[in-house]
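Chemist: Take a look at the following structure, please.
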Amino acid sequence: MSDQKVTKRFIAGAVCPRCAEMDKLVMYHDSNDQQVRECVRCGYSDVMTDNGPQEMGADEVATRVNQPRPGEEPLAHEDEVQVVSIIDPNPGAKRRDH
559 MSDQKVTKRF IAGAVCPRCA EMDKLVMYHD SNDQQVRECV RCGYSDVMTD
609 NGPQEMGADE VATRVNQPRP GEEPLAHEDE VQVVSIIDPN PGAKRRDH
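Oh and the sequence shown: position 1 is 559 in the working numbering, straight run, nothing missing.
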């Protein structure tokens with residue numbers, strides 16, 4: 559193995575596919591000269607290929623799109639979805655939008 563130092567560079571404006579944090583992704587080349595993208599906050603990483611990113615160590619990234627909807631049973635790794643109703647604490651007060 560070579561003692562070559564890996565230079566990691568932040569990707570400005572990039573959003574992590576897993577934790578949705580902005581400006582937490584770094585890009586670097588690994589020992590196999592593959593281009594790797596990694597989140598410094600949650601540890602998400604993937605390898606950039608000609609067919610797009612291929613996540614390392616997981617089948618699918620958890621996103622808002624593939625999470626259960628209200629009334630569906632959540633999977634083992636998911637949080638239960640609950641519907642919240644917002645009620646006006648002072649319904650008789652004068653409204654400014656009329």
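Ideal Cβ placement from N, Cα and C applies to all residues, glycine included.
On a predicted model such as this, the values are computed, not experimentally measured, just so you know.
Where Gln593 and Lys566 are concerned, what is the direct C-alpha to C-alpha distance, given to the nearest angstrom?
Modeler: 11 Å
Chemist: Glu631 to Gln562, Cα distance in whole Å?
Modeler: 49 Å
Chemist: On a CA-only basis, which of Pro649, Ala634 and Met585 is nearest Val564? Give me that one, please.
Modeler: Answer by Cα proximity: Met585.
Chemist: May I have the straight-line CA-CA distance separating Arg599 from Gly571, to the nearest angstrom?
Modeler: Their backbone Cα atoms lie some 15 Å apart in a straight line.
Chemist: Tell me the residue span of the beta strand (DSSP E) that contains Met580.
Modeler: No beta strand (DSSP E) holds Met580; DSSP gives it neither H nor E.
Chemist: Report the residue from Ser589, Glu596 and Val605 whose alpha carbon sits nearest the alpha carbon of Val573.
Modeler: Glu596
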